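Peer 1:
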Amino acid sequence: MFPSTGTAKILFQGDIAPDSEAGHFIAGILAHARELTCFCNPIPNSYTRFGSCEAPKYVSWSRQNRSQLVRLPSATGEFCRLELRSPDPSCNPYLVIGLILAAGLDGIEKRMPLPAPVNRNLFHKSAAEGLESLPESLREAITIAAQSDFIAKELPVPLMNKYFEYQTQLCH
Numbered sequence: 001m002f003p004s005t006g007t008a009k010i011l012f013q014g015d016i017a018p019d020s021e022a023g024h025f026i027a028g029i030l031a032h033a034r035e036l037t038c039f040c041n042p043i044p045n046s047y048t049r050f051g052s053c054e055a056p057k058y059v060s061w062s063r064q065n066r067s068q069l070v071r072l073p074s075a076t077g078e079f080c081r082l083e084l085r086s087p088d089p090s091c092n093p094y095l096v097i098g099l100i101l102a103a104g105l106d107g108i109e110k111r112m113p114l115p116a117p118v119n120r121n122l123f124h125k126s127a128a129e130g131l132e133s134l135p136e137s138l139r140e141a142i143t144i145a146a147q148s149d150f151i152a153k154e155l156p157v158p159l160m161n162k163y164f165e166y167q168t169q170l171c172h
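Structure (structure tokens):
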């Protein structure tokens, strides 16, 4: 990654502080998670696994908890990395990776604050109070993405229109 200094460096190395560029990157992904969902989960059946099968349902992050949308399984040192746990195998990986990178970079550019980690098991409904949930259906995800200024900025209009047209047909 090329942080705001213009010098290449590894963002995900060492401890992830909320005000670090890695923290801002994660915050960008969280901020745009609902808008990304129709790309990460492009078929109606994708939504049946949210909240079960260790698939996330809420917009949250943690260092170890598998019920979170973003997880940092090795949160410190040279092996630090993040997992975005919502995409399923039916997604277009090129489109999704591009949008994830754009969301993270948006977080860095806008210095989005990283919220506190959620270290609760979100597979229990009572633990999820106060958290924003991912869309519950493809139709809802399309509506959110179609209204997104972020998606409109990142995708060419013809691609975006064709993608939403095709996705809407899958909802019938």
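Sequential numbering of the sequence shown, starting at 1, is according to UniProt numbering. Here a beta-carbon is modelled for each residue, glycine too, at the ideal position from N, C-alpha and C. Every value quoted in this text rests on a predicted model; they were computed, and no experiment measured them.
1. Could you tell me which residues DSSP puts in a beta bridge with Val-70?
2. Excluding the 5 residues flanking Gly-51 on each side, which residues of the same chain have their C-beta closer than 6 Å to its C-beta?
3. According to DSSP, simplified to helix, strand and coil, what is Ser-20?
4. State whether the segment 18-27 contacts the segment 95-108, with contact taken as three or more CB pairs (one from each stretch) at a distance under 8 Å.
5. For Arg-49, which residues of its own chain have a beta-carbon under 6 Å away from its beta-carbon, when the five flanking residues on both sides are left out?
6. Determine, using beta carbons only, whether Gln-169 comes closer than 9 Å to chain B.
Peer 2: From the atom records:
1. Trp-61, Leu-84
2. Lys-57
3. coil
4. Enough Cβ pairs lie closer than 8 Å, so yes.
5. For Arg-49, where only same-chain residues beyond five positions count, the Cβ hits under 6 Å are Ala-55.
6. In summary, chain B is missing from the structure at hand, where a single protein chain is found.
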